[in-house]
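Contents: one structure, followed by commentary.
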Amino acid sequence: MNSYLVTYDYGSAGLWAIIKAPDKASIAKRFPKVEVLEDKPGNLTAAEYGKLITYDLGGPLPQWLAELEAK
């Protein structure tokens, strides 16, 4: 499994997480409204990145991700 930085921009702010998945396409298919990033953006500090929670695509997910799941 690889780790991917994801974000959901809801206008005035965004939610961030790291998702472990076989590939980016698996995340995009399951969560079409979530952006899978290639690189860590410059405005995300190393300290902030270190605080992000990592989720396994096949495991329990936070409520905000579960609500964005493709139906």
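Heads up, the sequence shown is in our numbering, so the first residue is 74 and it goes up one at a time. Even for Gly, the Cβ is constructed at its ideal location relative to N, Cα and C. Since the model is a prediction, treat every value here as computed from it, not as a measurement.
For the beta strand (DSSP E) that contains residue i, what are its first and last residues?
i	result
ASN119	Going by the sequence as given, residue 119 is Ala instead of Asn. Careful: ALA119 lies outside any beta strand (DSSP E), inside the alpha helix (DSSP H) at 119–124.
SER76	75–82
LYS93	87–94
ASP129	127–129
Return the Cβ separation of residue i and residue j in integer angstroms, given the expectation that the two are a contact with Cβ distance under 8 Å.
i	j	result
ALA90	MET74	Wrong, their Cβ atoms sit about 15 Å apart, outside the cutoff.
TYR81	ILE100	That pair is no contact at about 12 Å.
GLU142	ARG103	6 Å
State the start and end residues of the unbroken alpha helix (DSSP H) segment that holds residue i.
i	result
LEU138	136–141
LYS97	97–103
Which residues does DSSP list as the beta-bridge partners of residue i?
i	result
VAL109	VAL79
Looking only at its own chain, which residues have a Cβ that is under 7 Å from the Cβ of residue i, when we skip the five neighbours before and after it?
i	result
LEU125	TRP89, ALA90, ILE91
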